[in-house]
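Residue numbers (this note's numbering): 128 to 472.
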Amino acid sequence: MRNMLASPLKDRYRLIHFETGSRGTESPARDEKILSKLFRLITSPCVLVTQIFHARPAIVHLNSALSNKAFWRDAVYLVICKLLRRKVVFQLHGGSLDAMCAKKSTECLVRLVFSMTDAVVVLANSEKRDFEQRGITKGLAVIPNAVDVPQYCGSAGRVHSGKVQQLAYLGRLVRGKGILEAIEAIEILHTEERFSDIELRIAGSGPAREEIKRCIDDRRLGSCVRLVGPVYGNDKVEFLRAADVFVLPSYKEGLPYSILESLAAGTPVIASNVGGIPDVVVDRVHGVLINPRDPREIVRAVQELGQSQDALRKMSGDCVKWASEKLGLERLVGQFEELYQKVLS
Numbered sequence: 128m129r130n131m132l133a134s135p136l137k138d139r140y141r142l143i144h145f146e147t148g149s150r151g152t153e154s155p156a157r158d159e160k161i162l163s164k165l166f167r168l169i170t171s172p173c174v175l176v177t178q179i180f181h182a183r184p185a186i187v188h189l190n191s192a193l194s195n196k197a198f199w200r201d202a203v204y205l206v207i208c209k210l211l212r213r214k215v216v217f218q219l220h221g222g223s224l225d226a227m228c229a230k231k232s233t234e235c236l237v238r239l240v241f242s243m244t245d246a247v248v249v250l251a252n253s254e255k256r257d258f259e260q261r262g263i264t265k266g267l268a269v270i271p272n273a274v275d276v277p278q279y280c281g282s283a284g285r286v287h288s289g290k291v292q293q294l295a296y297l298g299r300l301v302r303g304k305g306i307l308e309a310i311e312a313i314e315i316l317h318t319e320e321r322f323s324d325i326e327l328r329i330a331g332s333g334p335a336r337e338e339i340k341r342c343i344d345d346r347r348l349g350s351c352v353r354l355v356g357p358v359y360g361n362d363k364v365e366f367l368r369a370a371d372v373f374v375l376p377s378y379k380e381g382l383p384y385s386i387l388e389s390l391a392a393g394t395p396v397i398a399s400n401v402g403g404i405p406d407v408v409v410d411r412v413h414g415v416l417i418n419p420r421d422p423r424e425i426v427r428a429v430q431e432l433g434q435s436q437d438a439l440r441k442m443s444g445d446c447v448k449w450a451s452e453k454l455g456l457e458r459l460v461g462q463f464e465e466l467y468q469k470v471l472s
């Protein structure tokens with residue numbers, strides 16, 4: 128959403144940001160007390176009504192997710208918008224349609240919510256197929272996330288070292304991201320002489336932090352696996368550019384920003400062949416796609432990338448080129464402008 132607000136869309140449309148939920152992992156979370164949060168949740172529908180009456184928007188773009196908290200909160204906003212005769216674009220970031228529709232009664236309500244929208248935007252073709260299989264096709268569009276490529280590749284571009292010495296993970300610290308498998312892979316790789324100095328830096332925060340720390344300590348890998356905490360802004364850019372390879376062995380995914388940011392930074396990717404990842408990572412061109420839950424898959428991918436410095440440097444350049452052509456803000460702006468015009472017509 129921040130990218131959209133800063134994009135050329137702001138020069139073609141009057142964009143008004145109405146913040147409803149948390150700020151996620153892109154910036155430090157709000158320092159918000161429970162009572163303050165409760166007050167915001169109760170009053171925000173009234174504030175939305177006031178904003179709509181004051182600004183008279185042609186379209187309300189709801190940025191939601193397929194999770195109980197976000198989806199049903201935004202369903203309330205959707206109903207308000209439709210009662211006020213506004214066109215609504217309902218965009219989804221993350222979550223699982225199958226989980227939302229686990230119960231038949233809930234599935235009926237989910238279908239009802241989507242039937243009220245004028246367009247539903249998902250991030251990946253795999254998500255689009257999930258919707259189509261459930262007969263939810265009204266206004267369905269695939270618009271992947273985008274990234275400010277020049278911010279990550281720099282004005283002079285990236286010159287990759289050609290080595291596989293420093294691996295990086297960036298994201299939530301939860302078991303489902305495959306971080307424990309990545310740590311086990313580092314332990315295996317350390318038995319090989321050519322990877323004896325390999326490191327894994329883990330950036331982020333989350334409920335699995337202590338479990339991850341115990342795993343590192345139990346395996347005595349403290350010298351080569353480091354928890355660096357959350358990174359934001361320029362620190363995040365430098366974190367990704369300093370890495371030789373980005374690792375995301377998730378069990379399931381939508382289309383994670385960290386993958387797009389890594390490609391833009393010229394950092395080849397080892398990632399699970401799940402969700403929307405295959406839409407943006409071409410296997411053996413921008414990195415290596417692996418099966419999740421298997422540390423030896425990560426090991427084999429690292430070994431493959433470490434075979435040729437020239438090939439890895441070329442892969443790094445291909446990552447930046449691909450990101451510039453397919454994952455930049457210009458593409459996002461064009462797709463949303465086309466969608467907005469379609470909704471208004």
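Virtual Cβ for every residue (Gly too), placed ideally from N, Cα, C.
Please list, in chain order, all residues of the same chain as Ala202 whose beta carbon is under 7 Å from its beta carbon, the five residues on each side excluded. If you ignore the 5 residues before and after Ala202, its C-beta comes within less than 7 Å of the C-beta of Val240, all in its own chain and listed in chain order.
In chain order, what residues of the same chain have a beta carbon less than 6 Å from the beta carbon of Thr358, not counting five sequence neighbours either side? In the sequence as displayed, the identity of residue 358 is Val instead of Thr. Answer for Val358: Ala330 and Phe366, listed in chain order.
From the DSSP output, read off the bridge partner residues of His188. DSSP output for His188 lists Val216 as bridge partner(s).
Excluding the five sequence neighbours on either side, which residues of its own chain have a C-beta within less than 6 Å of the C-beta of Ala370, listed in chain order? Exclusion of the five residues before and after Ala370 leaves Gln293, Ala295 and Thr394 as the residues of its chain whose Cβ lies within less than 6 Å of its Cβ.
Could you check what DSSP says for Ile263 in three-state terms: helix, strand or coil? In the structure shown, Ile263 sits in coil (DSSP, three-state: anything other than H, G, I, E or B).
Can you tell me which residues form a DSSP beta bridge with Ser399? In the DSSP output, where bridge partners are listed per residue, Ser399 has Ile417.
Lys379 to Asp257, Cα distance in whole Å? Between the alpha carbons of Lys379 and Asp257 lies a distance of about 14 Å.
Per DSSP, Arg328 forms a beta bridge with which residues? Arg328 pairs with Ala295 and Arg353.
Going by DSSP, what residue range makes up the beta strand (DSSP E) through Phe373? Val372 to Leu375 is the span of the beta strand (DSSP E), which, as asked, contains Phe373.
Nearest to His181 by CA position, among Phe198, Gln468, Ile143 and Gln218, is which residue? Check the Cα spacing between His181 and each of Phe198, Gln468, Ile143 and Gln218: the tightest is with Ile143.
Using the rule of at least 16 other Cβ atoms within 10 Å of the residue's Cβ for burial, across every protein chain shown, is Cys173 buried or exposed? By the neighbour-count rule (16 or more Cβ atoms within 10 Å), Cys173 is not buried but exposed.
For Ala246, list the residues DSSP reports as bridge partners. DSSP lists Val216 as the beta-bridge partner residues of Ala246.
Report the residue from Ala438, Ser377 and Tyr384 whose alpha carbon sits nearest the alpha carbon of Leu416. Comparing Cα positions, the closest option is Ser377.
The stretch 382 to 399 touching the stretch 438 to 455, judged by at least three CB pairs closer than 8 Å: The stretch 382 to 399 makes contact with the stretch 438 to 455; the number of CB pairs closer than 8 Å reaches 3 or more.
With H, G and I counted as helix, E and B as strand and the rest as coil, what does DSSP make of Ala197? Three-state DSSP puts Ala197 in a helix.
So, does the stretch 310 to 322 touch the stretch 420 to 430, judging by three or more C-beta pairs under 8 Å? Cβ pair count under 8 Å is three or more, so yes.
Run of the alpha helix (DSSP H) containing Cys228, from where it starts to where it stops: Per DSSP, Cys228 belongs to no alpha helix (DSSP H) and is neither H nor E.
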